[in-house]
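Encoded as structure tokens, the structure appears first; notes follow it.
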Amino acid sequence: MVPKIKGRTLKPFSDEEKEFVADVVMDMGDLLNYHPTSVNEVEFMASAIADVFSTAWLKHSSEYSVGPNSKEYWNDDCTRTLEEYRRDMSVENHKAFRSAVKAAKRTFFDEHIEEIATTNKRPWDLMDWVKERKNPPCEAIQFNGQPCHELNDLWDALHSTYNSASDRPVDLSMLDDLPDEPERQWPEFSLLELRQALDACSSRSAPGPDHITWRHLKQILTLPEHAGIITALADGCIATGHWPKHFKESMSVIIPKPNKPSYSTPKAFRPIVLLNTLGKLIEKMISNRFQHDMIKYDLVDANQMGGVRQRSTEDAGLFLTHLVRAGWAKGLQTSVVAFDVAQFFPSINHQFLLAVLKKQGFHSKVAKFFGSYLVDRFTSYAWNRDTSDPRRADVGVGQGSALSPVLSALVIAPVMKLFRMKGAGLGCTLISYVDDGDIIVQSPEISTNCTMLYHAYGIVFDLFTRSGLALEHDKTELFHFTRARTGFDRPLDLGYAPYTGDTPLRPKTYWRYLGFYFDRKLTFKEHVRYYTTKALTTVTAMRMLGNSTRGLSPRNKRILYRACVVPIATYGHRLWYFEGAKVKGVLKSLTSMQRKAALWITGAFRTSPTGGVERLAGLPPISLHIQKLSQRAIYRTATLSDTHPLRSLFKGEHAKAANPALGAACWMSRDRQRNVCDAITETSAKLGTLTETYSPCAEENTPGLRLMDRHHERVTFNSFDPKPEDALAKRRSLLDSTYRRAMSTRNTVCCGTDCSVPKRTAHQAIASFVIDQAHKAPITSTWVAGRVLSACAELFAIRSAIVRATLLEECDHIIVFTGSMAAARRAVDPSVHSGQAHSLAVCKTLSEWFADKASRSLEFIETLSKLRWGLQQQAHSTARSLPPVSSGRRPATSLDSVRKHITQSALDTWGVRFQSVDYRGSQFLGMNETKGTAIAPTYANGGSWMKSVGEDTKLCTRMCRAILNHAPIGEYYRRFNIPEESACTCGAERQTREHIITRCPNMNTRTCMPKLLNELIGFLQQNPDVFGFRSAPEGVG
1 MVPKIKGRTL
11 KPFSDEEKEF
21 VADVVMDMGD
31 LLNYHPTSVN
41 EVEFMASAIA
51 DVFSTAWLKH
61 SSEYSVGPNS
71 KEYWNDDCTR
81 TLEEYRRDMS
91 VENHKAFRSA
101 VKAAKRTFFD
111 EHIEEIATTN
121 KRPWDLMDWV
131 KERKNPPCEA
141 IQFNGQPCHE
151 LNDLWDALHS
161 TYNSASDRPV
171 DLSMLDDLPD
181 EPERQWPEFS
191 LLELRQALDA
201 CSSRSAPGPD
211 HITWRHLKQI
221 LTLPEHAGII
231 TALADGCIAT
241 GHWPKHFKES
251 MSVIIPKPNK
261 PSYSTPKAFR
271 PIVLLNTLGK
281 LIEKMISNRF
291 QHDMIKYDLV
301 DANQMGGVRQ
311 RSTEDAGLFL
321 THLVRAGWAK
331 GLQTSVVAFD
341 VAQFFPSINH
351 QFLLAVLKKQ
361 GFHSKVAKFF
371 GSYLVDRFTS
381 YAWNRDTSDP
391 RRADVGVGQG
401 SALSPVLSAL
411 VIAPVMKLFR
421 MKGAGLGCTL
431 ISYVDDGDII
441 VQSPEISTNC
451 TMLYHAYGIV
461 FDLFTRSGLA
471 LEHDKTELFH
481 FTRARTGFDR
491 PLDLGYAPYT
501 GDTPLRPKTY
511 WRYLGFYFDR
521 KLTFKEHVRY
531 YTTKALTTVT
541 AMRMLGNSTR
551 GLSPRNKRIL
561 YRACVVPIAT
571 YGHRLWYFEG
581 AKVKGVLKSL
591 TSMQRKAALW
601 ITGAFRTSPT
611 GGVERLAGLP
621 PISLHIQKLS
631 QRAIYRTATL
641 SDTHPLRSLF
651 KGEHAKAANP
661 ALGAACWMSR
671 DRQRNVCDAI
681 TETSAKLGTL
691 TETYSPCAEE
701 NTPGLRLMDR
711 HHERVTFNSF
721 DPKPEDALAK
731 RRSLLDSTYR
741 RAMSTRNTVC
751 CGTDCSVPKR
761 TAHQAIASFV
771 IDQAHKAPIT
781 STWVAGRVLS
791 ACAELFAIRS
801 AIVRATLLEE
811 CDHIIVFTGS
821 MAAARRAVDP
831 SVHSGQAHSL
841 AVCKTLSEWF
851 ADKASRSLEF
861 IETLSKLRWG
871 LQQQAHSTAR
881 SLPPVSSGRR
891 PATSLDSVRK
901 HITQSALDTW
911 GVRFQSVDYR
921 GSQFLGMNET
931 KGTAIAPTYA
941 NGGSWMKSVG
951 EDTKLCTRMC
961 RAILNHAPIG
971 EYYRRFNIPE
981 ESACTCGAER
991 QTREHIITRC
1001 PNMNTRTCMP
1011 KLLNELIGFL
1021 QQNPDVFGFR
1031 SAPEGVG
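Position 839 (the sequence shown) corresponds to 839 in full-length UniProt numbering; numbering is contiguous.
Shown next, in the form of structure tokens:
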């Protein structure tokens, strides 16, 4: 008999949860202004917070038990009918019981769908319902040739596997060949760093052993005083070099790795570490700083892709495919050996890691902190319903910790850099994505490639062994990229068992790497086939979540498709979709997939034309969508760091500080460059359109030293609250009183900012400001901002006003009246965004201005344009008074404006394509908006049509069928030779769409066909059975 699971729970959004948070907030108040300066004080503070969490949890949580027969949908009717059936065991009572269970299930799942999709607004959470149901692994775990029949044997097997590197030797002398980085400062943590780390966490993730979720923590740390408690603890941990014992306790949940042929060994499973949530928050703050330093100071190798911010799997795929295509243009064949590090995260040697941290210039107190962070850790293993006793885990980093990606990247970096030096004579390229590495070689012959790979693999194996890591030779793969008809199947004697001697390593027909399916000619047919099939099966499975009468609303169906299916279908699209690529056959299969999704969303018949259904569903043609994604991705390159791997494939201004990859096409002659066609060459040709530059690692963007890190209390934002009835009057009164008070003092400067953005792209935007100070003449200035959007133009105006105001004498307080609070907040945000150069100038200017005098401050006040108030209106009039300025041959552009132009171009193309009868269908009923203009195609806010029907599934279905004229009416039955009654219910011989709407006496008809969408919807609401099946009481079927 399966035992019941017992535990404690706290229902989300309940009164008990509110009381739980309130008690935690109150009890944590005892730690206000407590700043630990010793190891004992850090331990005391962490334990005190843990006790507060534990006491409140035990007080407000409730016990529960879940048995093998527990059902969430079970209700009182199910219990009553079951008791009646058990009383007499009659057939009638059995039918009544089954009916009650069926009704309970329907009610439960309908309410659950409504809660998830409408109340929580997270319809993608329903995707767990449609995933493939696989049986859990049922094989006995084998360890050292013996089956694990007892739990203690299982725990020993797991612990030995995931701590197998505990006695593995390391050679620290290998680091002597690398230069020592100068030690860098480590400033105290700020509230901004805590807020950014906390905001990036999902409120719905699983809690740790302390039972605290991220949603709880966000509520608890709302007050700055309580957030200051956590920053004080984090600073104390770094300053004392100690990680509290409470944070070292974890739970390792064992989950199976997907698609393994056998689950009889512990290596077929992956340990996911659940840590205390508060400790994870501090880890995230440290990780964000490490990420910045790794990029800014080149602490990781240029070809490291995983574990480093802004380096994705797509970047790794683009890098590899470009080298292959460039090699073909030079007559070279490319071969790759892919290797895997065995149990990478659990095998990282702590001694080696600490030596790397010291070598790479991290502050001595940080290295001391990690000396405490990595040791004396304990973990319990969870396997299904069973949990082991705590076991010591002093090897590796937990796969689940926010620090594991950055620490693993730092460990791999010396190996990558040393290979670059030792393998220079081989002409090899080594790239890595976390624990997956690739050795890339090129030569005219495959046989030469195999020889080069043999020597290169030996170097890689030696470097990893000396760093305390081991390669799994049996997972090593070989692949040859060649267009030749012979030689593509040449094997490789790897020199290590099992691929040596009579059993060499043989190349694969298709190579799966980072989710991409490569073929030797880079046609990507297998890749597209796999992901198209996966997307199509996902769409098919999603049909269980709703139909044309019940379940998910059309709007939520559309959201689900765009959020969960489109990313699957378009994964890796830049590898095969670029200018000049032959993708007609590929796009045909993707179009078929999207057509099926559009039919499900709208409830239309499968005979409906593709273009019309896509238009009603608010889904642009998949070809245009992929084209838009590809074009927008080109300009992402401008935001990358100066040493990003993709920059090594460019030459000139786009390369910046990256070391050139000599195999790239840009170093070939122009004649050979014409033979290379891929996303990299397309990016190189078009990236110059964007004139804006970015600096991800600017000094002003250093965590802990940013403007809002050091002076957050001196910069305030006064936003407009539109909720009160007299909100506008109160805002005007506030503006007037603030201005009068400012003009009564000599050291206050008032600035009004505004911009003017022309509708025509042939003209440039204008930014303007007006500065007013007591007893001084106003200062007015107007600037040409370039071909940018209003947010960037407003940011330009704010930047110009602040820089000018700080130059004024006797200026200690600046008030900026702006119509865009988003632009105001962006002005003091030095991170990468459109208009970053303006933000960096503001941050640098204000940092110097604040440093001169402690009493100086800056205030932003939101001023609505419709108030036409004072300085802001003067700036508005000044900006509008300037005559239109032509864009010229190469105007200044911003990232947002370029992306908007690409999106608008795709929408315009969609509109032109829709004019074709072959695309939209000859029966499509053209409709206008309320203003009388034709409904323009768009995918924003649910599309042009879906937003008109709201959450009414049946109304949406009837509307779509009526517009497409593919509906259960006589005209449709005749057209497709369907053996159904074609006469109208009123007796008319032909039942057409026009007859139903304008002449049928059984309907509340109109005098003419509707031209406005709301007129058609009104007709459908007056006639709830029209355009529905006659046999369906709901009128839809």
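Here a beta-carbon is modelled for each residue, glycine too, at the ideal position from N, C-alpha and C. Bear in mind that the values here come from a model prediction, so they are computed numbers and not experimental data.
Would a C-beta distance cut-off of 7 Å place isoleucine 272 and glycine 400 closer than the cut-off?
Contact flag set, yes.
Judging by CA-CA distance, which residue of Phe479, Thr486, Trp383, Phe352 is the nearest neighbour of serine 408?
Closest by alpha carbon: Phe352.
Between which two residues does the beta strand (DSSP E) harbouring asparagine 718 extend?
It spans 715-718 - the beta strand (DSSP E) in which asparagine 718 sits, taken as one unbroken run.
Sort out for me which residues DSSP pairs cysteine 1000 with in a bridge.
None; cysteine 1000 has no bridge partner.
Residues in the same chain with beta-carbon distance under 7 Å from phenylalanine 108, minus the five sequence neighbours each way, listed in chain order, please.
Only Glu72, Tyr73 meet the Cβ criterion.
For leucine 275, report the span of its alpha helix (DSSP H) as first-last.
Segment 269-275 is the beta strand (DSSP E) holding leucine 275; no alpha helix (DSSP H) there.
Could you tell me which uninterrupted alpha helix (DSSP H) segments, each at least 4 residues in length, are contained entirely in the stretch 122-207, listed from first to last along the chain?
The stretch 122-207 contains these whole alpha helix (DSSP H) runs: 151-162, 191-199.
With the cut-off set at 7 Å, would you say alanine 765 and methionine 743 are in Cβ contact?
No, the pair does not count as a contact, with Cβ atoms beyond the cut-off.
Which of the three DSSP states, helix, strand or coil, is assigned to alanine 617?
The answer is helix: DSSP assigns alanine 617 an H, G or I state.
Does DSSP put residue 1038 in a helix, a strand or coil?
For residue 1038 there is no data in the structure shown, the boundaries of the chain being 1 and 1037.
Looking only at C-alpha atoms, which of Ser847, Leu925, Gly688 sits nearest to arginine 889?
It is Gly688.
Which residue comes first and which comes last in the alpha helix (DSSP H) that contains arginine 420?
404-422 is the extent of the alpha helix (DSSP H) around arginine 420.
By Cβ distance below 8 Å, which residues in the same chain neighbour valine 528 in space, the five residues on each side in sequence not counted?
Trp576, Val586, Ser589, Leu590.
Taking the Cβ atom as the reference point for each residue, do glycine 835 and threonine 863 lie within a distance shorter than 7 Å?
No, the Cβ-Cβ distance between glycine 835 and threonine 863 is not below 7 Å.
Span of the alpha helix (DSSP H) holding cysteine 78?
Unbroken alpha helix (DSSP H) run through cysteine 78: 76-88.
Drop a sphere of 10 angstroms on the beta-carbon of glutamine 1022, count the other beta-carbons inside from all chains shown, and report buried for 16 or more, exposed for fewer.
Glutamine 1022 is exposed by the Cβ-count criterion.
Look at the alpha carbon of glycine 618 and the alpha carbon of valine 912, and state the distance between them as a whole number of angstroms.
One C-alpha to the other measures close to 16 Å.
In the structure shown, what three-state DSSP assignment does glutamate 19 receive?
If DSSP states are grouped into helix, strand and coil, glutamate 19 belongs with the helices.
Just to check my reading of the structure: arginine 520 and histidine 480 have Cβ atoms closer than 8 Å, yes? What is that Cβ distance to the nearest angstrom?
Their Cβ separation, rounded to whole angstroms, is 6 Å, which keeps arginine 520 and histidine 480 in contact under 8 Å.
With a threshold of 7 Å on Cβ separation, who are the neighbours of lysine 248 within its own chain once the five nearest residues in sequence on each side are excluded?
If we look at lysine 248 and ignore the five residues flanking it on each side, its Cβ neighbours are Asp376, Arg377, Phe378.
What does a CB cutoff of less than 7 Å around tryptophan 910 pick up in its chain, not counting 5 residues either side in sequence?
So the qualifying residues of the chain are Pro620, Pro621, Leu624, Pro937.
Which runs of the alpha helix (DSSP H) at least 4 residues long sit entirely within the stretch 1006-1030? Give them in chain order.
Within the stretch 1006-1030, the complete alpha helix (DSSP H) runs of at least 4 residues are 1013-1022.
To the nearest angstrom, how far is the alpha carbon of threonine 702 from that of aspartate 642?
Roughly 16 Å between the two C-alpha positions.
List the residues that DSSP assigns as beta-bridge partners of proline 507.
Answer by DSSP bridge pairing, in chain order: Leu478.
In chain order, which beta strand (DSSP E) runs of at least 3 residues are fully inside the stretch 420-496?
Runs of the beta strand (DSSP E) inside the stretch 420-496: 429-433, 436-443, 477-481.
Please identify the residue among Val24, Glu477, Phe518, Thr486 whose C-alpha is closest to the C-alpha of tyrosine 499.
Closest by alpha carbon: Glu477.
When you compare the CB of serine 202 with every CB in chain E, is at least one pair closer than 7 Å?
Checking the listed chains, one finds no chain E in this structure; it contains a single protein chain.
Counting beta carbon pairs with one atom in the stretch 280-289 and one in the stretch 195-203, are three or more of them shorter than 8 Å?
Touching, yes, given that three or more Cβ pairs across the two stretches are closer than 8 Å.
Under 8 Å by Cβ, that's how I've got lysine 656 and tryptophan 667 pegged, so tell me the actual separation to the nearest angstrom.
Not really, about 16 Å apart at Cβ, beyond 8 Å.
Please check the pair valine 397 and glycine 307, which I expect to be a contact at CB under 8 Å, by giving their CB distance rounded to whole angstroms.
Rounded, the Cβ-Cβ distance is 11 Å, inconsistent with contact.
Tell me the DSSP secondary structure of isoleucine 771 in three-state form.
Isoleucine 771 falls in the strand class under three-state DSSP.
Please report the distance separating the alpha-carbon of aspartate 489 from that of cysteine 843.
Distance between the alpha carbons of aspartate 489 and cysteine 843: 59 Å.
Tell me whether the beta-carbon of alanine 805 lies closer than 7 Å to the beta-carbon of isoleucine 771.
Result yes, Cβ atoms of alanine 805 and isoleucine 771 sit closer than 7 Å.
With a 10 Å radius around its C-beta and 16 neighbouring C-beta atoms as the bar for buried, classify glycine 663 as buried or exposed.
By the neighbour-count rule (16 or more Cβ atoms within 10 Å), glycine 663 is buried.
Pairs of beta-carbons, one from the stretch 259-274 and one from the stretch 627-645, closer than 8 Å: are there three or more?
No contact exists between the stretch 259-274 and the stretch 627-645.
Leaving out the 5 sequence neighbours to the left and right, which residues in its chain are closer than 8 Å to aspartate 27 when beta-carbon positions are compared?
Closer than 8 Å at the Cβ level, and outside the excluded window around aspartate 27, lie Val52, Thr55, Ala56.
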